[in-house]
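K.L.:
Below is one structure. I have some questions about it.
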Amino acid sequence: MWTGRCLCGACAYTIKGDPVVVAHCHCLDCQRLSGAAHTTGAMFPEAAVTITGKPASFALTSDAGNTVTRLFCHTCGSPLFGTNTGMPGFMTVCAGTLDNSETLSPQVAVFARTRRGWDAMDPSLPTFEGQPSWKPPDGV
Ligand SMILES: [Zn+2]
Ligand SMILES: [Zn+2]
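Each residue of the sequence shown is one higher than the one before, starting from 281 at the first, in this note's numbering.
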């Protein structure tokens with residue numbers, strides 16, 4: 281069981297089970313969204329996530345043509361979740377909002393083509409220039 285919350289505490293969540301994947305994303309949207317050099321997201325089945333409070337949302341169209349919806353706290357602005365119509369049924373949690381993110385193990389880094397030179401990463405991590413054609417496994 282995972283728990284997490286935004287900076288002010290108006291939005292909180294619990295999640296059952298293990299993440300399907302944990303990824304760093306260096307795309308420019310994630311840099312703007314987070315104000316940092318990359319985001320780290322833990323993807324879970326949407327059904328495993330229970331949210332309390334009412335996050336605000338913002339939707340945009342990705343380069344791949346999917347609708348990406350970002351959920352964030354309406355009071356303090358903390359980014360909390362993302363969904364993508366290219367990955368129906370899944371939700372990505374902004375890893376820094378987890379209460380116990382120390383135990384996460386990122387498996388992959390994507391959109392390395394826009395990684396900033398000052399954003400030093402673990403060189404042993406599988407790294408992709410863009411978005412690899414990865415799909416969540418069935419039956420999760
Ligand atoms: Zn908040
Ligand atoms: Zn990104």
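Glycine included, each C-beta is placed from N, C-alpha and C at the ideal position.
Compare the Cα-Cα distances from Val302 to each of Met371, Gly397 and Met323 and report the closest residue.
P.N.:
Met323
K.L.:
Have a look at Lys334 and Cys353 and give me their C-alpha separation to the nearest angstrom.
P.N.:
8 Å
K.L.:
Is any heavy atom in ligand 1 found nearer than 8 Å to the beta carbon of Cys286?
P.N.:
yes
K.L.:
Buried or exposed, going by whether 16 or more other CB atoms sit within 10 Å of the CB of Gln311?
P.N.:
buried
K.L.:
Can you check which of these residues, Arg393, Cys307, Ala375 and Met367, is closest to Asn346 by C-alpha distance?
P.N.:
Met367
K.L.:
Between Trp398 and Ser358, what straight-line distance do the alpha-carbon atoms span, to the nearest angstrom?
P.N.:
Taking the straight line from one Cα to the other gives about 24 Å.
K.L.:
For Pro299, does the count of other Cβ atoms within 10 angstroms reach 16, so buried, or fall short, so exposed?
P.N.:
buried
K.L.:
Between Thr349 and Asn364, is the Cβ-Cβ spacing less than 9 Å?
P.N.:
yes
K.L.:
Can you look up Thr394 in the DSSP assignment and give me helix, strand or coil?
P.N.:
Looking at Thr394 - three-state DSSP - the assignment turns out to be helix.
K.L.:
How would you write the range of the alpha helix (DSSP H) that Ser314 sits in, first residue to last?
P.N.:
DSSP places Ser314 inside the alpha helix (DSSP H), whose first and last residues are Leu308 to Ser314.
K.L.:
Express the C-alpha separation of Met401 and Asp309 in angstroms, rounding to a whole number.
P.N.:
19 Å
K.L.:
Skipping 5 residues on each side, what residues in its chain have a beta carbon closer than 8 Å to that of Gly362?
P.N.:
Gly321, Val348, Thr349, Arg350, Leu351, Met371, Thr372 and Cys374
K.L.:
Would you kindly work out how many angstroms separate the C-alpha atoms of Leu478 and Ile331, rounded to a whole number?
P.N.:
Not covered by the structure: residue 478. The range shown for the chain is 281 to 420.
K.L.:
Where in the region 332-414 do unbroken runs of the beta strand (DSSP E), each at least 3 residues long, occur, reported from the N-terminal end onward?
P.N.:
336-341, 347-352, 359-364, 370-374 and 388-390
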